[in-house]
Structures are given as structure tokens and as C-alpha cells.
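The next block holds one structure in the form of C-alpha cells; read it before the comments.
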Amino acid sequence: MIAARHGAALASGVIFGLGLAISEMVNPAKVLAFLDVAGDWDPSLILVMAGAVAVALAAFRLILKQPRPALADSFALPTKTRIDGRLLGGAALFGLGWGLVGLCPGPAIGGLAYLMPESLYFLAAMAVGMVIAALLKGAGDGRR
Amino acid sequence: MENFTPLSALIGGALIGVSAALLLGLNGRIAGISGIAGGLFSSAGPARAWRALFLVGLIGGVALYRLAGGPLQEIAPTPSLPYLIGAGLLVGIGTRIGGGCTSGHGICGLARLSPRSIAATVTFIVVAGATVFVVRHLVGGP
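Chains as they are written, first to last, in our numbering: chain A, 718 to 861; chain B, 138 to 279.
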């Protein structure tokens, strides 16, 4: 079953990448054109999200009625429900970085297909940021 | 608004939705890219393999579209190195503290009608929009 799970993850990734490429979300200029409401506004990103959410909303309803996923023992779903400072502060930091260059994690990783040094610099810094966040969380958990 | 591409946006978006549905329906996992990538640094060996495979697939999907001659615009030159490094750090820290990015909160979370994800999505879109406004229209860079 583990080989099937790995195959499913790979296939799911390929489809995700195709979606990012077809919708041009791998192009930071396209993303920045959406975020630039006061400039030459390009609303495409809204439709990318709408298309993705519409499909996922319908599919998730059916999927989550099943007792378990087809290839695994249980669903790994987020358990937190509280809207707190960590959630909003983290989202704000992410929004700041996203707005600076127009790259978020999916398109930044997908951009590796272009072999651009820019993607590598961004991703190296993003990886360092993720490790810093993990260390901060570890320190926070230690105090509690 | 001459750059608006509604059809390719909807088709690409729908494919991302299909990908999220497959990952949840088959493996029981949420297709949040920052969570999948972040788990490479924080999870043990066996839990890393599927994450790496998903991300390799994602890069492969973009490459496939390129090889197939898909009408993808060449990626515009990105800003200078300090901007890229600063933005990368902020995105890495912010998505891990906030528990998600555009895919995890913005697509999967909204599809689950999660109040946390709705609050996070509104927050990062508004902050990103404000950042672009300041950078492009007040500062005049990068």
C-alpha cells in the first residue's frame, strides 16, 4: 500500500503543477498583477482560487463521508479551531513576503522547472525561514 | 484588465482542486504546499518520502506543460537578491507560524469552510495587496 500511496502523491503533485502552469500562477508577474489593485489589475487569481475551491469543496464533501481514505488508515486533518495571534501574525508575515516578490510556496517550487537562479535564492531563504519557525515553535513548546 | 485570462485560470484552478481531492481521497492528506515542504524539515524519514514525491511531481507538472509547448509566458525578471531573500524568509516563517499558505488555507481550508483558514486567507491577501501598493505606488521599487 505504501507504493500506491507514493504513486498517488506523485500523481497528485503532477496535476497540481499542471494546474499552476496552465493558470500561469508560476509567473510572479501574473500574481503581482492580481495583488496590484491600484494598477493594471488582473483578476485571474480569483478565478484560479474559485475553480480550485469549487472542485475541492464538492469532492471533500464526498471524501470526508468515507470512514477512511482509499490508501491510508485515517485522514490527517487540521485539529486547531481557534483564530489566534499566531494564525493571523503568521498569515500577515506570509502576505508581506508574498507581496514583495509575488512568490508563494507552490509557484516558487514549481518555478524550479525553469531552472532560474531567482527561484533557488527564494527557496533557500524560505527553507531557512521554515527551520527558524520550527526552532521558535520548539522553544515555545519547551516553555509551556 | 487586458491580461485577464479567465478560461485558463478556471481550468488550472480546477486541476489544482482535482489534485487536492486525490491527495485527500487516496492518502488522507491536505494539499498545502508549505505544510508538505515544511514537513521535510520536521518529520521523520518515512513521512518524508511522499512529501518529496509530491513536490517532485509538482515541478514535473510545470516542466511537462513547458515541454508540451504550452502557451506559458516567459517568467518576468524577479526583483533584486535582497528582496528575494527577505521575501523567502518571511514566506517560510509566516506560513509555518500561520499553519498554511495559498494552497493549504486558501484552497483546502476554504473548501473545508474552516473559519481559521478564511481568517488567514483574508489576512494574507489584504497584507500582500497593501505591500504591493506600498512598493509599487509609494516607494517605486523593486
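Idealized CB from N, CA, C, for every residue including glycine.
Within 10 angstroms of the beta-carbon of residue 797 of chain A lie fewer than 16 other beta-carbons, which makes it exposed.
Secondary structure at residue 792 of chain A: coil, using DSSP grouped into helix, strand and coil. Residue 174 of chain B has a beta carbon lying within less than 8 Å of a beta carbon in chain A. Relative to the Cα of residue 744 of chain A, the nearest Cα in the group B:203, B:277, B:270, B:194 belongs to B:203.
Residue contact with chain A for residue 182 of chain B: absent (no Cβ-Cβ distance below 8 Å to any residue of chain A). The alpha-carbon separation between residue 753 of chain A and residue 790 of chain A amounts to approximately 44 Å.
When Cβ-Cβ separations below 8 Å define contact, residue 851 of chain A makes contact with chain B. Considering only B:149, B:164, B:177, the residue with the shortest C-alpha distance to residue 198 of chain B is B:149.
Under the Cβ criterion (8 Å, minimum of three pairs), the segment 753 to 772 of chain A does not count as touching the segment 182 to 193 of chain B. When rounded, the separation of the alpha-carbon atoms in residue 189 of chain B and residue 171 of chain B is 12 Å.
Counting only the Cα atoms, residue 169 of chain B lies some 20 Å from residue 818 of chain A.
Membership of residue 268 of chain B in the alpha helix (DSSP H) is indicated by the continuous run 252 to 270. Nearest Cα to residue 260 of chain B within the set B:277, B:275, B:236: B:236. Distance between residue 187 of chain B and residue 781 of chain A, taken at the CA atoms: about 21 Å. For residue 784 of chain A, there are no neighbours in chain B by C-beta distance under 8 Å, as the nearest C-beta there is about 11 Å away. When Cβ-Cβ separations below 8 Å define contact, residue 161 of chain B makes contact with chain A. In chain order, 153, 154, 157, 168 place their CB closer than 8 Å to the CB of residue 244 of chain B, counting only its own chain and leaving out the 5 sequence neighbours on each side. If you compare the alpha carbons of A:736, A:826, A:751, A:856 with that of residue 229 of chain B, the shortest gap goes to A:826. For residue 786 of chain A, the secondary structure class from DSSP, reduced to helix, strand or coil, is coil.
Sequence-ordered contacts of the segment 257 to 273 of chain B with chain A read 257, 258, 259, 260, 261, 262, 263, 264, 265, 266, 267, 268, 269, 270, 271, 272, 273 [C-beta pairs closer than 9 Å]. Assigned with DSSP and collapsed to three states, residue 187 of chain B falls in helix. If you ignore the 5 residues before and after residue 737 of chain A, its C-beta comes within less than 7 Å of the C-beta of 743, 823, 824, 827, all in its own chain and listed in chain order.
If you draw a straight line from the Cα of residue 763 of chain A to the Cα of residue 183 of chain B, it comes to about 36 Å. For residue 152 of chain B, the C-beta contacts it makes with chain A under 7 Å involve 732, 735, 736, 739, in order along the chain. Interface criterion not met: the Cβ of residue 276 of chain B is under 8 Å from no Cβ in chain A.
Contact of residue 206 of chain B with chain A is not assigned, every C-beta pair being separated by 8 Å or more. In the three-state DSSP reduction, residue 141 of chain B falls in the coil class, being neither helix nor strand. Proximity of residue 796 of chain A to chain B, defined by a Cβ-Cβ separation below 8 Å, is not satisfied. Within chain A, no residue has its CB atom less than 9 Å from the CB of residue 185 of chain B, the nearest being about 11 Å off.
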